[in-house]
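Asks: Residue numbers (our numbering), protein chains in the order written: chain A, 1 to 679; chain B, 1 to 166.
Note that the Cβ used here is the ideal one computed from N, Cα and C, for glycine as well.
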Amino acid sequence: MSDATLQLEETPAPDAPAREGLEEVIFAGRYRIQPGVVLPHLATSSSRAYLTIDSEKPDRELYALVLDHQVPARLTAILAAKDIPHDALLKPIRWGRVDWSESGREEIVIILPQPPGPPLLPSMDATTQYWTVRELKRDFLIPIMDLLRRMQDDRLTHRNIRPTNLFRRTNDDSVVSGQIYSAPPGYEQPAMFEPIERAMCPPITRGIGDLSDELFAIGVTLMVLGLGRNPVAGVSDEELLQRRITQGSYNALLGDNKLHADLAPVVRSLLRDKEHERWTLADLSNWVNSGRVNPSQPLPGTRADRPFEFNGRTAFTARELAHILTTDWNAALKVIADDTLQLWVDRSLNDRDLAKEISECGPLGANGPRQMTDDIRLARIITTLDPIGPIRFRGTTLMPDAVGPAAIFAALNRSKSADYTDLIAGKMMNYWHEKQPRPKTWMLTASETVEKAASYLSDSGVGFSIERCVYELNPALPCLSPRLKGSVALQPRELIDAMEQHAAGGELLFDRHIAAFFAARTTGRVDRELHDYDRASNEAERSVAQLRLLAFVQSKNSASITKNLYRMFLEELQPMLDSYRNARLREELLKDAKKAAAKGSLNDLVRIVDNAKKRKWDERNFQVATRRHAALSAEIAKLQTDEKRLQRQAMLLGRQISANIACVLSVLVIAVLVFSRIG
Amino acid sequence: MAAAKNAKQKASEPQPKSGKKGAGGYAFSLFGLILLGLMVFAAPALLLFVVGCIPALVSFIIDREPGRNAALTVAAANVAGVAPFVVELLMRGPTMVRAMGMLSDVFVIAVMFGAAAIGWGLVIGMPKVAAVYIEVTNETKIKLMRREQQRLVEEWGEEITAPSGS
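Shown next as structure tokens:
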């Protein structure tokens, strides 16, 4: 156990659950998670850390990160980490769902090795002995730059570089990176470690980012380590952001503090707010290896003669104006109703081209949306004013490479959901891309993601819409259905198991989230079943569509026996069985259904209940039987009521019989006569 | 439509067998040969036979039903009544005096015409017996048909009793 390990009795974690979970939790039959021993220095803003013991190798020092269900783990990083042969990165050992308590609560955990030393800073408010330039180069930059190069080869970003997630080996003092798997890129970073455009966004919509974002985080880390403390501790994120926009990140973060003369130009070059002016990994490597500093020369920004006043705030630059406009969307809509803004840009900012671009935000354009709204126009104007900034639309702010995680944010909040849908439909991503002065490495991937999202949003049916975006674009996200009540499902089979458990209590779990989760995670297409569910005109049809969907998912993903679900569907679909007209067929089907119940295979039930061949036979023969019944009724009526026919029949038959009798008698008489005379 | 109905009705009525028509033809031919023989060799017997068979002739005239079963019945009964006297006349020697004597005998006339009357009695009485028989048969048929309907309802439900198309 490391020194930083604390007993729960002594220092409870701020967000640790109640003491219900003090009993050991076994994960994957091997890892014994100790809910009573929290590791606060390894916890993050979205996860809790607990000491973990490997039953097979008890001397390994491990810990388990228990994740927030509404924040997806970085599946790409988890999968790719195994192939990164670099010891400066903690690699996940195992991850998945675990039964956390006997009350049925489940959690998602990642098992990781404990870092080989303490964090560089236990918290962002803590102080430490400042690092010398030599220490920074040898112990921090060399291993971390090497790690970033290796990760870049695998097209993976780190986006979690900060002193609280960097650990110093106790044996050689070199720095090792902490985990990067528990949340989307940048989610756990304090805003100060993010470039301005990403710091403007909520943590979940900061985006995947690229190497320039890592270099910015390295710059801030160098500053903090060089000073031995966080120079902006205690400053709120909003205030710091405002300062960074007006003064630049370097000046806003450093404030009155002084960095070592050798370090200051390096940090300044790494903290350039314009990405193309920021140092590259090669520049930093050059400094580390040769000590040569080639500080970047920023172009002076355009500043207005007189400020633009909005809601009591003032803006002197286009970026400042874009930022303050987003603080009150409705008021901003009034501002763009006339040409005040264009005139200010033209006359005070002296940027006629930008003023012209703003005036051109109204027309739809070739790649524009079908319909222009004031909201879209304002979002376009904001993007025009601050093209490298995030997309800002009503209350939503996101980087275009965060469309996936942003969907989660939108799905959990009704008003954000509308913003998200309108933003995608309004083709704001296309407009943002058009406005970029320089292409970014992640733009093509982001465009593909947006197109995918747009296709799902165009269908509002169950299993599509925002919920489908959530699961398609976030492959490691568990099902967010509120009906799961403590159960966690990362895989379709886990969700089937959860549904089976709830079915035992007579509850059939099914909602838009569950449908979308299955649609996104199941191999093969279930869109037909989902559309059938949408088009169903009654409960029975809806149940059949549900059953077909679950049967398909079960056949593809789960070998588990679902007797309770089977029984429940059988009860629900009793009207379907009853709708068969032939009693013998009904009995036969019911018998088959009950016989197959032992296997608990939903596919068997589908074959029994939703059998088109038998349904056709039933319908056809019902018609035949109806006609036969009607014919018999007519014949009976005829026999009972047609007296005239009866009389005629009787007369003809009677006369026929009488003729026969008379003939026989006559022949007998003649025969007797003849024989008596002859005799 | 009406023609089809009539055809169906006719089809459902008992029809004389085609073989019987042939047999009737043979009988008629035989009957003709006997009459011809009588006319050539025993004209008084023919006279007795013709006078005795007047009811049969009348019945053949008035019976227009297909198959002429009524006429056949009366004729057969009539012949059975006439035959003993014709045979007796032939055996005793067929003279016109004897023939006229027999024709003027009320007993002879009563037997011959009485036999024809028995024939008529059969023609009138047998349809009533047949009606009872047909009624019993129909009831059995209805019972079977109702049983089949019941089986259909059990198998397909009450819905099949609804008029088709409803």
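1. In whole angstroms, what is the alpha-carbon distance linking residue 141 of chain B and residue 70 of chain B?
2. Identify which residue in B/162, B/110, B/146 and B/130 has its Cα closest to the Cα of residue 656 of chain A.
3. Distance check for residue 231 of chain A and residue 224 of chain A, CA to CA, integer angstroms please.
4. Strictly below 7 Å CB to CB, what residues from chain A border residue 158 of chain B?
5. Return the chain-ordered list of same chain residues with a C-beta closer than 8 Å to the C-beta of residue 402 of chain A, the five sequence neighbours on each side being excluded.
6. Can you list, in chain order, the residues of its chain with a C-beta nearer than 6 Å to that of residue 38 of chain B? Leave out the 5 residues immediately preceding and following it.
7. With a threshold of 7 Å between beta-carbons, can residue 152 of chain B be considered close to chain A, or not?
8. Would you call the CB atoms of residue 560 of chain A and residue 497 of chain A closer than 7 Å?
9. Rounded to a whole number of angstroms, what is the C-alpha to C-alpha distance between residue 277 of chain A and residue 493 of chain A?
10. So, with DSSP's three-state summary, where would you put residue 402 of chain A?
11. Does chain B have any CB closer than 7 Å to the CB of residue 17 of chain A?
12. Taking only beta carbons into account, state which residues of the region 409-442 of chain A come closer than 9 Å to chain B, listed in chain order.
13. Near residue 462 of chain A, which residues of its chain fall below 7 Å by C-beta distance, leaving aside the five closest residues on each side in sequence?
14. Looking at residue 226 of chain A: is its Cβ nearer than 7 Å to the Cβ of residue 271 of chain A?
15. What runs of the alpha helix (DSSP H), each 4 residues or longer, lie entirely inside the region 59-134 of chain A?
16. Give the range of the beta strand (DSSP E) segment to which residue 517 of chain A is assigned.
17. Over what stretch of residues does the beta strand (DSSP E) that includes residue 49 of chain A continue unbroken?
18. Between A/388, A/383, A/397 and A/466, which has its C-alpha nearest residue 414 of chain A's C-alpha?
19. Using a Cβ cut-off of 8 Å, pull out every chain A residue sitting near residue 84 of chain B, in sequence order please.
20. For residue 291 of chain A and residue 166 of chain A, I'd like the C-alpha separation in whole angstroms.
21. Measuring straight from C-alpha to C-alpha, what distance separates residue 406 of chain A and residue 398 of chain A?
22. Taking Cβ positions, are residue 622 of chain A and residue 156 of chain B nearer each other than 7 Å?
23. Where does residue 680 of chain A fall in DSSP's three states?
24. Taking C-beta to C-beta, are residue 567 of chain A and residue 577 of chain A nearer than 7 Å?
25. Where do the N-terminal and C-terminal ends of the alpha helix (DSSP H) with residue 168 of chain A fall, by residue?
26. Which whole-angstrom value describes the C-beta separation of residue 175 of chain A and residue 139 of chain A, a residue pair presumed to lie in contact below a C-beta threshold of 8 Å?
27. Could you name the residues of the same chain whose beta carbon sits closer than 8 Å to that of residue 9 of chain B, not counting the 5 residues immediately before and after it, in chain order?
28. Could you give the residue range of the alpha helix (DSSP H) that holds residue 456 of chain A?
29. Any C-beta of chain E within less than 9 Å: which residues of the region 126-140 of chain B qualify?
30. So, are the CB atoms of residue 62 of chain A and residue 52 of chain A less than 7 Å apart?
31. Going by the beta-carbon positions, is the gap between residue 564 of chain A and residue 503 of chain A smaller than 7 Å?
32. List the endpoints of the continuous beta strand (DSSP E) containing residue 580 of chain A.
33. If the cut-off is 7 Å on Cβ atoms, which residues from the region 612-631 of chain A count as contacting chain B, listed in chain order?
34. Short check: CB of residue 109 of chain A to CB of residue 27 of chain A, under 7 Å?
35. Taking only the alpha-carbon atoms, compute the straight-line gap between residue 21 of chain A and residue 35 of chain A and give it to the nearest angstrom.
36. Under 6 Å: does the beta carbon of residue 231 of chain A sit that close to some heavy atom of the ligand GTP?
Replies: Let's see:
1. Position 141 of the second sequence holds residue 141 of chain B. Position 70 of the second sequence holds residue 70 of chain B. Their backbone Cα atoms lie some 28 Å apart in a straight line.
2. As a working mapping, residue 656 of chain A is identified with position 656 in the first sequence. The shortest Cα separation from residue 656 of chain A among B/162, B/110, B/146 and B/130 belongs to B/130.
3. Residue mapping note: residue 224 of chain A aligns to position 224 of the first sequence, counting from 1. Residue mapping note: residue 231 of chain A aligns to position 231 of the first sequence, counting from 1. One C-alpha to the other measures close to 7 Å.
4. Residue 158 of chain B sits at position 158 when you count from the first residue of the second sequence. In chain order: nothing, as chain A lies at least about 10 Å away.
5. Locating residue 402 of chain A in the first sequence gives position 402, where the first residue counts as 1. 184, 201, 204, 205, 206, 207 and 208, listed in sequence order.
6. Locating residue 38 of chain B in the second sequence gives position 38, where the first residue counts as 1. Closer than 6 Å at the Cβ level, and outside the excluded window around residue 38 of chain B, lie 45 and 46.
7. For the purposes of this step, residue 152 of chain B is taken as the residue at position 152 of the second sequence. Yes, residue 152 of chain B counts as interfacial toward chain A.
8. Your numbering for residue 560 of chain A matches position 560 in the first sequence. Your numbering for residue 497 of chain A matches position 497 in the first sequence. Yes, they are a contact pair.
9. Walking along the first sequence from the start, residue 277 of chain A turns up at place 277. Walking along the first sequence from the start, residue 493 of chain A turns up at place 493. Going from the Cα of residue 277 of chain A to the Cα of residue 493 of chain A covers about 49 Å.
10. Mapped onto the first sequence, residue 402 of chain A falls at position 402. In the structure shown, residue 402 of chain A sits in a helix (DSSP, three-state: H, G or I).
11. Numbered from 1 along the first sequence, position 17 holds the residue referred to as residue 17 of chain A. Bear in mind that the predicted position of residue 17 of chain A carries a pLDDT of just 44, short of 50, making it too unreliable to give a figure here.
12. none
13. Start at 1 with the first residue of the first sequence, and residue 462 of chain A comes out as number 462. Closer than 7 Å at Cβ, skipping near neighbours: 512, 515, 530, 533 and 534.
14. Mapped onto the first sequence, residue 226 of chain A falls at position 226. Mapped onto the first sequence, residue 271 of chain A falls at position 271. Cβ atoms of residue 226 of chain A and residue 271 of chain A: not closer than 7 Å.
15. 75-81
16. Here residue 517 of chain A refers to the residue found at position 517 of the first sequence. Counting along the chain, residue 517 of chain A falls outside any beta strand (DSSP E), though it belongs to the alpha helix (DSSP H) covering 512-521.
17. Here residue 49 of chain A corresponds to residue number 49 of the first sequence, with the count starting at 1. Segment 47-54, the beta strand (DSSP E) holding residue 49 of chain A.
18. On the first sequence, position 414 is the one that residue 414 of chain A refers to. Among A/388, A/383, A/397 and A/466, the Cα nearest to that of residue 414 of chain A is on A/466.
19. Position 84 of the second sequence, counting from 1, holds the residue named residue 84 of chain B. What residue 84 of chain B touches in chain A: 669 and 673.
20. As a working mapping, residue 291 of chain A is identified with position 291 in the first sequence. As a working mapping, residue 166 of chain A is identified with position 166 in the first sequence. Near 24 Å, if we compare the C-alpha coordinates of residue 166 of chain A and residue 291 of chain A.
21. One-based indexing of the first sequence puts residue 406 of chain A at position 406. One-based indexing of the first sequence puts residue 398 of chain A at position 398. About 7 Å.
22. As a position in the first sequence, residue 622 of chain A is number 622, starting the count at 1. As a position in the second sequence, residue 156 of chain B is number 156, starting the count at 1. Cβ atoms of residue 622 of chain A and residue 156 of chain B: closer than 7 Å.
23. Nothing can be reported for residue 680 of chain A, as the shown portion of chain A is limited to 1 through 679.
24. In the first sequence, counting from the first residue as 1, residue 567 of chain A sits at position 567. In the first sequence, counting from the first residue as 1, residue 577 of chain A sits at position 577. No, Cβ-Cβ distance for residue 567 of chain A and residue 577 of chain A is not below 7 Å.
25. One-based indexing of the first sequence puts residue 168 of chain A at position 168. First-last for residue 168 of chain A: 166-168, but that is the beta strand (DSSP E), not the alpha helix (DSSP H).
26. Residue mapping note: residue 175 of chain A aligns to position 175 of the first sequence, counting from 1. Residue mapping note: residue 139 of chain A aligns to position 139 of the first sequence, counting from 1. Residue 175 of chain A to residue 139 of chain A, Cβ: 5 Å. Contact.
27. Taking the first residue of the second sequence as position 1, residue 9 of chain B is located at position 9. The pLDDT assigned to residue 9 of chain B is 45, lower than 50, so where the model puts this residue is not dependable; a value taken from the coordinates is nonetheless given after this. For residue 9 of chain B, where only same-chain residues beyond five positions count, there are no Cβ hits under 8 Å.
28. Indexing the first sequence from 1 puts residue 456 of chain A at position 456. Segment 443-457, the alpha helix (DSSP H) holding residue 456 of chain A.
29. Among the protein chains in the structure shown, which are A and B, there is no chain E.
30. Counting from 1 along the first sequence, the entry for residue 62 of chain A is found at position 62. Counting from 1 along the first sequence, the entry for residue 52 of chain A is found at position 52. The answer is yes: Cβ separation under 7 Å.
31. Translated into the one-based positions of the first sequence, residue 564 of chain A becomes position 564. Translated into the one-based positions of the first sequence, residue 503 of chain A becomes position 503. Yes.
32. Taking the first sequence and counting its residues from 1, one reaches residue 580 of chain A at position 580. Counting along the chain, residue 580 of chain A falls outside any beta strand (DSSP E), and DSSP gives it neither H nor E.
33. 622, 625, 626, 627, 628, 629 and 630
34. Here residue 109 of chain A refers to the residue found at position 109 of the first sequence. Here residue 27 of chain A refers to the residue found at position 27 of the first sequence. Going by C-beta atoms, residue 109 of chain A is nearer than 7 Å to residue 27 of chain A.
35. As a position in the first sequence, residue 21 of chain A is number 21, starting the count at 1. As a position in the first sequence, residue 35 of chain A is number 35, starting the count at 1. Its pLDDT being 47, under 50, residue 21 of chain A is placed unreliably in this model, and the value from its coordinates should be taken loosely. The alpha-carbon atoms of residue 21 of chain A and residue 35 of chain A are separated by roughly 6 Å.
36. As presented, the structure is devoid of all ligands, the ligand GTP included, so that no description of it is given.
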